[in-house]
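Engineer: Let me begin by handing over the structure; questions about it come next.
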Amino acid sequence: MTFFDAMQRLSRSSTSPLLIGGLELSHPERVEPFFQQSTDAVFFFNHLGEIVYFNENLPRMLGYSEDTLYNHFAVFSPPEQNDSVTTFFERALAGETVHYTAQGLHIDQHRLTLKITNMPIEQEGQVVGVYGIARDITREKQLEEDVVQIRSQLELTEQIPELVVFHYDPQARTIEYSPSLINYLGLGPEQLKELSNEQLHKRIHPRDFDPLRFQVIRLLDGEIETFEQEVSVLNANHQYQLLRLKALRRDDQSGLISLILYDLSEVSEARRQLTLEREQTREIYEALDAAISQIDLSTGRLLFHSKGFFQIFEELPEDLVLSEEWLFERLDPRDVPAMKQFIRRLTSGKSSTIQYRLLFPDGRCKWIEDQQIPVFQLDGSIAYTNSIMHDITLQKEYEERLQQLAMHDSVTGLPNRISLTETIKDWMQTNTTFSILSISFNRISEINNAFGHASGDQWIQATSALLYTSKPDEVFFGHLGGDEYAMLIPSCFKQDVTSCAEALLTLSAAPILIEPYALFARVSIGISRFPDDSHDPIELMKHSYTALRRSRREDHSAVHHYASNLDIDYYRRYRLEQDLHYAIERNQLFLEYQPKVDSWTGKIIGLEALIRWQHPEWGRIPPNDFIPLAEESALHIAIGDWVVETACQAMVNWSRAGAELVPISVNVSPKRFLIPGFEHQIEQALTTYKLSADLLELEITEAALIMDDPNISRTLEHLSQLGVRIALDDFGKGYSSMVYLQRYPINVVKIDRQFATHIAEDRKAQAIVKSILYMATEFNLAVIAEGIETLQQLEMFRSLNCPNIQGYLFSRPVSAEVMESFLLREVLYPIEACSLASDTVPSFSVPGKIKMLKHQNQALDFSFSNIQAHRTSTRHLYFTTKTPLPLQTATFEVRLTEGNQMVSCTLSIIAIEQGQYVGKYATVQEAELVLRFFQSLRYTE
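Residue numbers (my numbering): 7 to 947.
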């Protein structure tokens, strides 16, 4: 599996990057060499513990082929340690970085000792996998075991095990045969009875008999108490075996002489083996890049050290005494406190590991990892410590580089979101008053889709450079993602933060060059303030971004300061996203229909079905609010299919009422074409409702065609062959609509409504519309102009010979029942679109604040938003606000102020009448207080 495939498999979102320790993996082609060049084994697990990516060091370490490594980590781990390794893996999945030592199984089933680090792989605050690094330390562990084994063998050779023990009675001149002697000589019971002293003597090699006899006589005469001598004796296999005989006189009354025979051949072999293993151990010591040593803690003396010790320190202490003075002179001052604590732990008998820096006269710095294990004497005191030291300078440089990548964006080189958050924390801790400006250029998705991601990267680099050159030195500047940035502006800055933001808006006036294009941006800015808006870094950033989202709703460059009502907007969006899942089954969605008419006669030539949502709490929800929510999930499929079914059912009903049917157009989400089977869904609906295919028209936007997916082309061709009409919506708004007319089976083009807005006074708009009409005639395409609201606009389109129009001039979107009457009438007449008359605006208002306390019995902690109260009664308060509020299910606190007077009350919203919210007082007493407050005010209606 390639690195890119592994990233795709782990990722849960196509837009958000994966993070390792804060490192963004947004550009796999740049990050992959970093992992491949690592000297250690690097691998990624998914959340199930299965390996989905590894570098070339992992198969080299474990011996497995690359195809067999895509497996669960338990396959490569001894069964007895699965529970402990799983625990470390689960800690990493919980967001923790863990370091541990474990055994791994080589393909030939021998075991490796591995030092492992696991780090969480995160996306959008969720852990989606685990990143691992493994180092093989088997040789080092084996070295420790060899040292213990050699020491044990030394002790064994100093106490050679007895082979044969027996006794000689000098008075009777007989031998007391012990089981060990009988077994050694290989004698049976009958042979033992017949064995004479002479036969026993013949078992001793002739060259050894006389010296042995001489020593025995001396022992019997009392000249010596004991002696030892080497002697060769025939064993049970009738072979001479070199033994060492030790004889001593017993101290008891028996006068017996005890004899012990030791096998000197085994001793010789043990000595030879000991010498060989000592040489092997020395070779291992010299070959390792680690420093192996034994240190007497009481004196600091080096009892033993390998060649690696000199390679790390590059010199040896005088008299091999590793004193604190000698060590601390070479230690980085920042690591002295940790080293002192490390020494205290060792002297208390606890094993410990430390990482510290050594400084050298030429300015070099080495990172050292030192692991020391105390060895105790029988009385419990510390004899010495075994130390293994590694030079980990390269590892630390790797970690620092990883941290650098984690804190900076790879495309712009600017501090990223993590670095911004850390800086905000630092400024908060120093009580620095500041503002956060979240800035967006609002073009990155459009540029990526139209020109490719390479041009998108150029756009990001150009916009970041533009902001960087525009910012003052006092401002901290970072990259949030895409073409979004953040500035931290301290209160000591000479300019007002609003003035600074407005100056940044002027960046939208100048073209930004992205070869070979000159593009303009719409700059949006959101502002939050510390400490006014929050004392939490994450929340303060979120508030700034919430204000930015409000700015994006404007059709021009704009600045918005964070206000508490933005919290309610965010909460409303969250609630709508939840409730949208049940909107169809709860019959909250419905369709309205807007007619398309002949420009000269007003005859209805078609309809457009427009989806609406009547929410029981939040009222009528604009399509621009809930359609994007549907497309963020799979809901757009169910909603789109429901629209087609409902529109077809409406046509059947109109036909039964005697109306002459005209084509009805349905808007289709670009994502719907990416789901296989859409064409069959349309075909089935036409069959079910027995409708001709030419009565159904599908409206698609340029965004669907920009994807250039083979499924889209195939689906459109299939639908066109069925006879379904395809309309290209918002024509003239995009970059390459002409190409789409040539490539796809388009039947209708709808001229974007922005041309209608300016058609009367803008000669360029007139020229573009004229060109579109000429091209449509040549391509045999139907044309409809959208957004016609005035007679002047109608006359202009008539003068340009535009055949069909759609807009408020002839009709707003209406219900199915009203549309049925229109179809029966067949012809509509123009009516000038009008706005709300000025005399309908309330002439009296009192400024106030409103705060949502509860929603569906859930307590909330929102700030106050602005309202205007217009009148009150003994039961109800009537007010307006720009913030959408829910009906029936929420409780609010309201505060009204006028001069020095203030009154507060609690209410719930029960209705909307003539654009005003109607709030019901919680108690009669509160209603009376507000009524007296209104009566005390002097105003003129």
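Glycine is no exception: its CB is placed at the ideal position from the N, C-alpha and C atoms.
Are A656 and A822 closer than 7 angstroms when you measure CB to CB?
Structural biologist: Yes, they are a contact pair.
Engineer: Going by DSSP in three states, N203 sits in which element: helix, strand or coil?
Structural biologist: N203 falls in the helix class under three-state DSSP.
Engineer: Would you report the Cα separation of E403 and F9, rounded to the nearest angstrom?
Structural biologist: Going by the C-alpha atoms only, they are around 23 angstroms apart.
Engineer: Label L16 either buried or exposed according to how many other C-beta atoms from any shown protein chain fall within 10 Å of its C-beta, with 16 as the threshold for buried.
Structural biologist: When all chains shown are included, L16 counts as buried.
Engineer: Excluding the five sequence neighbours on either side, which residues of its own chain have a C-beta within less than 7 angstroms of the C-beta of A80, listed in chain order?
Structural biologist: Excluding sequence neighbours, A80 sits near N88.
Engineer: Please state whether DSSP places I388 in a helix, a strand or coil.
Structural biologist: Three-state result, I388: strand.
Engineer: Take L365 and list the residues in its own chain whose beta-carbon comes closer than 7 angstroms to its own, dropping the five residues that flank it on each side.
Structural biologist: Excluding residues within five positions, the ones whose Cβ falls inside 7 angstroms are R336, D338, C371.
Engineer: Considering only the alpha carbon of each residue, which of P380, Y246, I230, A242 lies closest to E236?
Structural biologist: The candidate whose alpha carbon is nearest that of E236 is Y246.
Engineer: For the beta strand (DSSP E) containing F51, name the first residue and the last one.
Structural biologist: F51 -> beta strand (DSSP E) spans 47-52.
Engineer: Where E767 and L806 are concerned, what is the direct C-alpha to C-alpha distance, given to the nearest angstrom?
Structural biologist: The straight-line gap from Cα to Cα measures roughly 14 angstroms.
Engineer: With a 10 Å radius around its C-beta and 16 neighbouring C-beta atoms as the bar for buried, classify R213 as buried or exposed.
Structural biologist: R213 should be labelled exposed.
Engineer: In the DSSP output, what is E919 paired with across the bridge?
Structural biologist: Per DSSP, Q922.
Engineer: Taking only three categories from DSSP, how would you classify R559?
Structural biologist: Three-state result, R559: coil.
Engineer: Looking at the secondary structure, which residues open and close the beta strand (DSSP E) in which D269 lies?
Structural biologist: Here the beta strand (DSSP E) through D269 covers 263-269.
Engineer: Grouping DSSP H, G and I as helix and E and B as strand, with all else coil, what is H587?
Structural biologist: Reduced to three states, the DSSP call for H587 is helix.
Engineer: Could you name the residues that DSSP lists as bridge partners for S446?
Structural biologist: In DSSP, S446 forms a bridge with E490, S530.
Engineer: By the 10 Å Cβ neighbour count, where 16 or more other Cβ atoms means buried, how is P669 classified, buried or exposed?
Structural biologist: Per the 10 Å Cβ criterion, buried.
Engineer: Excluding the 5 residues flanking F940 on each side, which residues of the same chain have their C-beta closer than 6 angstroms to its C-beta?
Structural biologist: T878.
Engineer: Less than 7 angstroms between the C-beta atoms of S530 and L554, yes or no?
Structural biologist: In this structure, L554 lies closer than 7 angstroms to S530 by Cβ.
Engineer: Would you be able to state if there are at least three C-beta pairs under 8 angstroms between the stretch 911-929 and the stretch 881-898?
Structural biologist: Segments in contact, yes.
Engineer: Could you tell me the alpha carbon to alpha carbon distance between R662 and Q687, rounded to whole angstroms?
Structural biologist: Distance between the alpha carbons of R662 and Q687 is about 24 angstroms.
Engineer: Can you find at least 3 beta carbon pairs, one from the stretch 714-730 and one from the stretch 748-759, that sit closer than 8 angstroms?
Structural biologist: Yes: the two stretches touch, three or more of their Cβ pairs being nearer than 8 angstroms.
Engineer: Please look up how many angstroms separate the CB atoms of A943 and C911, rounded, as I've assumed it's under 8 angstroms.
Structural biologist: Per the sequence shown, the amino acid found at residue 943 is Leu instead of Ala. Contact doesn't hold; Cβ gap of about 16 angstroms is too wide.
Engineer: What does a CB cutoff of less than 7 angstroms around E795 pick up in its chain, not counting 5 residues either side in sequence?
Structural biologist: Here the set comprises G813, Y814, L815, A839.
Engineer: How big is the Cα-Cα spacing for G458 and L525?
Structural biologist: Their Cα atoms are separated by approximately 15 angstroms.
Engineer: So for G793, helix, strand or coil by DSSP?
Structural biologist: Note: G793 maps to coil in three-state DSSP.
Engineer: Taking contact to mean 3 or more Cβ pairs, one atom from each stretch, closer than 8 angstroms, check whether the stretch 443-453 and the stretch 479-492 are in contact.
Structural biologist: Counting Cβ pairs under 8 angstroms, three or more are found: they touch.
Engineer: Inspect the beta-carbon positions of A771 and F761 and report whether they are closer than 7 angstroms.
Structural biologist: Taking 7 angstroms as the Cβ cut-off, A771 and F761 qualify as a contacting pair.
Engineer: Could you tell me if N786 is buried or exposed, where buried requires 16 or more neighbouring beta carbons within 10 angstroms of its beta carbon?
Structural biologist: It counts as exposed.
Engineer: Just list the residues that DSSP pairs E30 with in beta bridges.
Structural biologist: Its beta-bridge partners are L25.
Engineer: Enumerate in chain order the residues of its own chain whose CB-to-CB distance from Q401 is below 8 angstroms, with the five nearest sequence positions on each side excluded.
Structural biologist: So the qualifying residues of the chain are W373.
Engineer: State the start and end residues of the unbroken beta strand (DSSP E) segment that holds N863.
Structural biologist: Note, N863: premise wrong, no beta strand (DSSP E); not H, not E.
Engineer: Alpha carbons only, please: which of S90, Q377, A98 is nearest the one belonging to A108?
Structural biologist: Looking at the Cα atoms, S90 is the closest of the given residues.
Engineer: Tell me which residue opens and which closes the beta strand (DSSP E) that K313 is part of.
Structural biologist: Note, K313: premise wrong, no beta strand (DSSP E); alpha helix (DSSP H) at 313-319.
Engineer: Note down, in chain order, each residue of its chain lying with its Cβ closer than 6 angstroms to the Cβ of E56, except the 5 sequence neighbours on either side.
Structural biologist: Excluding residues within five positions, the ones whose Cβ falls inside 6 angstroms are H78.
Engineer: Grab me the residues of Y106's own chain with a C-beta within less than 7 angstroms of its C-beta, minus the 5 sequence neighbours each way, in chain order.
Structural biologist: These residues qualify, in order along the chain: F94, I122.
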